[in-house]
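Numbering (this note's numbering), first residue to last: 370 to 768. First up is the structure itself, then whatever we jot down about it.
If you want it as structure tokens, here you go:
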């Protein structure tokens with residue numbers, strides 16, 4: 370059954386959602402699934418914008434075939450060559466061999482790496498500023514290199530003023546009938562997944578995202594059609610501002626994220642005491658997570674959101690508790706910067722956690738480490754409460 374949805378009189382959403390997927394890219398949990406978005410324009414010449422993942426391939430191909438209503442496919446714009454969008458490329462071109470692929474030069478190389486196939490028509494290679502006229506519609510192409518792969522282009526359609534944004538402005542989460550962001554309570558139900566999507570997939574490339582935002586600001590954009598998540602046709606500024614903040618590595622909230630690792634509960638107890646002290650001093654928006662029980666993608670997203678991060682961790686094998694080390698290395702890999710850190714370490718005979726944390730921080734972009742660093746010997750003692758109070762005071766003062 371055709372599940373496509375009209376966006377404009379001659380433009381259709383023909384993507385589909387996967388609710389069975391457990392791990393996106395076999396890394397990040399997606400408990401609400403994910404959508405793979407594709408768009409079809411029925412102008413004088415027909416245009417397909419991106420394909421989908423194999424998981425929803427059957428539905429996508431049915432949507433494509435029935436929405437074309439017997440017409441041939443003229444152009445196949447491939448903006449991003451990652452397999453969750455590229456997987457059905459060979460099947461599309463087998464069904465519509467006269468379709469011409471439109472992509473960047475780098476994308477053409479990647480397509481040849483993924484697929485062993487002969488194209489009937491050579492790809493039409495486009496670069497920034499190039500255009501494609503299909504009748505009453507004209508597409509202009511904008512380079513979005515390293516947002517988040519080097520071959521990415523985005524496409525601006527001038528008649529409807531639509532930005533087809535590739536992986537930019539996407540989010541985790543399957544669509545449930547409502548195609549548009551204004552049809553759901555996005556700030557309540559979607560923003561956390563949008564942040565987790567951005568920070569973990571695109572977060573490292575803030576500089577490149579800023580470049581794309583500057584290019585987008587020069588366009589009259591009335592709608593954003595991403596490759597994952599809802600389509601934006603209202604209040605675009607809200608979502609664009611979020612991406613501006615995220616890509617500048619600025620915290621959204623003046624709040625405290627407490628991440629602790631605790632094999633037997635002693636370090637957790639100290640983290641709870643510190644959080645209580647902060648609350649007594651009037652700090653709100655404290656979030657606390659067990660690093661062993663929370664997926665690192667969620668912790669990375671929370672670290673991007675919060676201005677202050679408390680790390681409470683034991684020594685393990687002479688170094689840092691492994692889940693905390695994974696979290697810190699992920700922050701380093703995603704270029705997190707401009708945050709204020711506080712550290713509580715624990716060790717029964719030779720505490721080394723703080724030293725290991727500082728070594729990782731030395732390789733990160735600029736951040737601030739508060740004093741004092743609190744060192745526990747096995748468990749928190751009454752005589753150590755004043756030092757923990759000093760750390761709480763330092764956090765409050767920096768807030």
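C-beta atoms are modelled at their ideal positions from N, C-alpha and C, and glycine is treated no differently. Since this is a predicted model, take the numbers as computed values, not measurements.
For the putative contact between residue 656 and residue 626, defined by C-beta atoms under 8 Å, what is the C-beta separation to the nearest angstrom?
Indeed they touch by this definition, with Cβ atoms about 5 Å apart.
Would you mind working out which of 423, 372 and 560 sits nearest residue 610, comparing C-alpha positions?
Of 423, 372 and 560, the smallest CA-CA separation from residue 610 is found for 560.
In angstroms, rounded to a whole number, what distance separates the CA positions of residue 754 and residue 724?
The alpha-carbon separation between residue 754 and residue 724 amounts to approximately 22 Å.
Have a look at residue 450 and residue 730 and give me their C-alpha separation to the nearest angstrom.
Cα to Cα, residue 450 sits roughly 34 Å from residue 730.
For the beta strand (DSSP E) that contains residue 458, what are its first and last residues?
Counting along the chain, residue 458 sits inside no beta strand (DSSP E); it lies in the alpha helix (DSSP H) bounded by residues 458-464.
Whose CA, out of 414, 448 and 386, lies closest to the CA of residue 426?
Cα-wise, what sits closest to residue 426 is 386.
Per DSSP, residue 688 forms a beta bridge with which residues?
Note: residue 688 sits in a beta bridge opposite 685.
May I ask you to list the residues that DSSP assigns as paired with residue 739?
According to DSSP, which records beta bridges pairwise, residue 739 is partnered with nothing at all.
DSSP-derived helix/strand/coil call for residue 650:
In the structure shown, residue 650 sits in coil (DSSP, three-state: anything other than H, G, I, E or B).
Since residue 630 contacts residue 652 with CB under 8 Å, what's their CB separation in whole angstroms?
Residue 630 to residue 652, Cβ: 22 Å. No contact.
Can you say whether residue 454 is buried or exposed, counting buried as having 16 or more other CB atoms within 10 angstroms of its CB?
Result: buried.
Once you ignore the five residues that flank residue 768 on each side, which residues in its own chain have a CB closer than 8 Å to its CB?
So the qualifying residues of the chain are 623, 625, 652, 676 and 677.
Measure the CB-CB distance between residue 516 and residue 581 and report whether it falls below 7 Å.
Yes, these two residues count as a Cβ contact at 7 Å.
Let me know if residue 469 comes out buried or exposed under the rule of 16 or more other beta-carbons within 10 Å of its beta-carbon.
Flag for residue 469 reads buried.
Give me the Cβ distance between residue 462 and residue 533, rounded to the nearest whole Å; I'm assuming they're in contact under 8 Å.
Incorrect: roughly 20 Å between the Cβ atoms, too far for contact.
Please say whether residue 421 and residue 405 have beta carbons closer to each other than 7 Å?
A contact, by the Cβ cut-off of 7 Å.
Which of the three DSSP states is assigned to residue 397 in this structure?
If DSSP states are grouped into helix, strand and coil, residue 397 belongs with the strands.
Tell me whether the beta-carbon of residue 696 lies closer than 7 Å to the beta-carbon of residue 743.
Contact flag unset, no.
Relative to the C-alpha of residue 574, which residue among 702, 443 and 438 is closest?
When each option's Cα is compared against that of residue 574, the closest is 702.
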